[in-house]
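A.B. asks: Below you'll find the structure I mean.
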Amino acid sequence: MSRIDAAALVGRMVEIRRHLHRHPELSNEERETQAYLRGVLEAEGFEVVRDAAGHGLVVDIVGEGEPSGRKVAIRADIDALPIEEASGVAFASVRPGVMHACGHDAHAAMAVGAALLLRNRRSEFGGTARIIFQPAEEAEPLGGRRVVAEGLLDDVDAAIGIHVDPYAPTRTVCVGSGPYTLACDTFDIAVLGRSAHAARPADGVDAIAVACSMVSELQKIVSREIDPFDPLVVSVTAIKAGGAYNVVADRAALRGTIRYGHQATREHAWARLRAILAGLAAAHRADVEIDIHEGEPPVVNDAGMAGLVIESVTRQFGPDALVHAPGWTAADDFGFYSERVPSVYFRLGIRNEAEGSVHPLHHPAFRVDEAAMPMGAATLCDVAQRFLARS
């Protein structure tokens with residue numbers, strides 16, 4: 056972090072991250088987050104801060120070195136999750152039922168740090184670094200899709216994404232080329248039965264009983280119809296039905312996700328989900344309504360871009376800072392970026408038992424080891440610089 060006070064930069068990132076953590080906002084509701092980050096950037100001297108993708112922001116940093124004609128994007132997501140926080144940190148969420156349980160607060164803080172580093176070093180590179188503070192990574196309508204639709208990648212040659220990783224030791228980096236996350240579609244199911252008195256269930260059609268059989272049978276698509284080496288995860292994540300002790304429910308609503316690595320597997324899963332649900336509904340004298348929604352594509356890392364991350368981490372932090380780890384079964388709408396331009400999505404280790412950073416993503420006690428953030432910001436900056444320096 057040459058020619059910039061490293062301690063001050065770290066302190067600024069921690070300040071930003073803790074403010075965002077204390078004031079989380081859900082996907083497509085990030086108005087205060089947007090306003091706060093705009094204020095931070097303008098206070099740091101960035102004169103042109105543009106709105107993007109609804110409640111997001113974009114800042115371009117133009118290099119003053121030998122022109123390269125290149126442009127690279129750095130993506131940081133900024134939305135939170137509908138989770139009641141139980142982390143125990145002093146700066147816990149003040150919003151009931153909303154929490155930064157996926158580290159997006161740290162992503163935004165590290166992107167600000169990378170922006171400051173790049174601006175400080177702009178005499179050392181040509182081309183342009185575009186910092187995208189992207190809303191709505193967690194829920195539809197997805198911000199990544201909107202970034203592409205608004206043309207924010209039309210003049211971009213490559214993109215870089217970062218995600219904290221509570222499964223990797225703190226201050227390490229995981230990266231690889233090829234598929235790196237699964238794609239993710241969502242589904243909504245309505246089971247339509249017939250009400251009856253709970254003392255006489257034979258007079259009706261119990262939507263809850265039908266829904267329970269559906270939850271069990273859907274798991275067999277993965278366990279009995281798909282090659283174990285072909286990634287597929289079908290999860291039912293919500294079920295709502297009934298409301299009285301003595302009434303057989305006439306309706307049940309289920310929702311969940313289908314995560315996959317290959318298009319053929321996705322098509323099979325969609326077809327079998329529909330067939331299984333229709334068959335079970337008919338067998339139980341119920342009706343069913345099925346709505347499947349196409350979500351984000353898989354993140355696919357470009358080999359050249361992944362190589363830049365490996366070079367950067369090795370040079371700055373030594374070879375031991377690189378950890379071999381497979382991709383994630385989680386999805387990320389950075390997949391829209393990697394569909395569009397050569398991209399790399401790397402993971403920053405934050406697991407630190409002494410700091411209590413041991414819980415998985417989307418856990419109410421999730422914590423981030425803030426000592427890892429300087430490494431994340433430095434890597435974002437250096438990879439961007441390395442890309443822009445190439446002709």
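Take the sequence shown: its position 364, counting from 1, is numbered 419 in our numbering, and each next residue is one higher. Don't be surprised by glycine CBs; every beta carbon is placed ideally from N, CA and C.
(1) First and last residue of the alpha helix (DSSP H) that includes threonine 159?
(2) Within its chain, find whatever has a CB closer than 6 angstroms to the CB of alanine 131; leave out the 5 residues flanking it on each side and keep chain order.
(3) Leaving out five residues on either side along the sequence, give the residues of the same chain with a beta carbon under 6 angstroms from the beta carbon of serine 393.
(4) Determine which residues share a DSSP beta bridge with phenylalanine 188 and list them.
(5) Given 6 angstroms as the limit, tell me if glycine 158 has its C-beta closer than that to any heavy atom belonging to the ligand ZN.
(6) Give the secondary structure of methionine 56 by DSSP, where H, G and I count as helix, E and B as strand, and everything else as coil.
(7) Quick one: complete alpha helix (DSSP H) runs, 4+ long, within the region 56-86?
(8) Sorted by chain position, which residues of the same chain lie with C-beta nearer than 6 angstroms to threonine 88's C-beta, five sequence neighbours on each side aside?
(9) Taking the alpha-carbon of aspartate 437 as reference, which of Ala361, Ile405, Phe391 has the nearest alpha-carbon?
(10) Grouping DSSP H, G and I as helix and E and B as strand, with all else coil, what is alanine 433?
(11) Among Asp342, Arg321, Ala330, which one has its Cα closest to the Cα of glutamate 349?
(12) Taking only the alpha-carbon atoms, compute the straight-line gap between glycine 411 and alanine 338 and give it to the nearest angstrom.
(13) Cα separation between alanine 262 and isoleucine 347?
(14) Hey, would you say phenylalanine 442 sits closer than 7 angstroms to glycine 199, going by beta carbons?
(15) State the Cα-Cα distance for the pair aspartate 114 and proline 397, rounded to the nearest angstrom.
(16) From the DSSP output, which residues share a beta bridge with threonine 312?
(17) Beta-carbon within less than 6 angstroms of isoleucine 405's beta-carbon, same chain only, minus the 5 sequence neighbours each way: which residues are those?
(18) Compare the Cα-Cα distances from arginine 174 to each of Val378, Glu102, His379, Glu272 and report the closest residue.
(19) By Cβ distance, which residues of its chain are closer than 8 angstroms to glutamine 274, with the 5 residues on each side in sequence left out?
(20) Alanine 444 to isoleucine 186, Cα distance in whole Å?
(21) Grouping DSSP H, G and I as helix and E and B as strand, with all else coil, what is threonine 183?
(22) Let me confirm a value: asparagine 301 is counted as buried when at least 16 other C-beta atoms fall within 10 Å, else exposed. Which label applies?
(23) Does the region 205-213 come within contact of the region 140-155, defined as at least 3 CB pairs closer than 8 angstroms?
(24) In terms of residue numbering, what span does the beta strand (DSSP E) encompassing leucine 208 cover?
(25) Is the Cβ-Cβ distance between arginine 77 and glutamate 119 less than 7 angstroms?
(26) Please list, in chain order, all residues of the same chain as glycine 216 whose beta carbon is under 6 angstroms from its beta carbon, the five residues on each side excluded.
(27) Kindly indicate which residue of Gln318, Ala251, Leu332 has the alpha-carbon position closest to the one of glycine 298.
(28) In terms of residue numbering, what span does the beta strand (DSSP E) encompassing arginine 105 cover?
(29) Applying the criterion that 16 or more other CB atoms from any shown protein chain within 10 Å of the CB defines a buried residue, is isoleucine 71 buried or exposed?
(30) On the DSSP letters alone, give me the boundaries of the beta strand (DSSP E) that valine 343 sits inside.
(31) Mind checking which residues open and close the beta strand (DSSP E) that includes phenylalanine 389?
(32) Around the C-beta of glycine 66, are 16 or more other C-beta atoms found within 10 angstroms, so that it is buried, or is it exposed?
(33) Going by C-alpha to C-alpha distance, which of Asp258, Pro286, Asp305, Ala308 sits closest to arginine 314?
C.D. replies: On the basis of the data shown:
(1) The residue you asked about is not threonine; residue 159 is histidine in the sequence shown. 159-175 is the span of the alpha helix (DSSP H), which, as asked, contains histidine 159.
(2) His162, Ala163, Ala166, Phe188
(3) Correct list, in chain order: Val354, Val355.
(4) Leu112, Ala131
(5) The ligand ZN is not part of this structure, which contains no ligands at all.
(6) Here the model assigns methionine 56 a pLDDT of 40, short of 50, so the residue's position is not dependable and the matter cannot be decided.
(7) Counting whole runs of 4 or more residues, the region 56-86 contains the alpha helix (DSSP H) stretches 61-77.
(8) Glu80, Ile133
(9) Ala361
(10) helix
(11) Arg321
(12) Each residue's Cα considered, the two are about 49 angstroms apart.
(13) 20 angstroms
(14) no
(15) One point to set straight first is that residue 114 is valine, not aspartate, in the sequence displayed. Rounded to whole angstroms, valine 114 to proline 397 spans 20 angstroms at the Cα level.
(16) Thr241, Ser290
(17) Val219, Pro221, Thr225, Ser412, Val423, Asp424, Ala427.
(18) Among Val378, Glu102, His379, Glu272, the Cα nearest to that of arginine 174 belongs to Glu102.
(19) Val289
(20) 17 angstroms
(21) strand
(22) exposed
(23) no
(24) Element bounds for leucine 208: n/a, residue is neither H nor E.
(25) no
(26) Counting only Cβ-Cβ distances below 6 angstroms, and skipping sequence neighbours, we find Arg130, Phe389, Tyr400.
(27) Ala251
(28) 105-107
(29) Classification for isoleucine 71: buried.
(30) 342-351
(31) Here phenylalanine 389 belongs to no beta strand (DSSP E), and DSSP marks it neither H nor E.
(32) exposed
(33) Pro286
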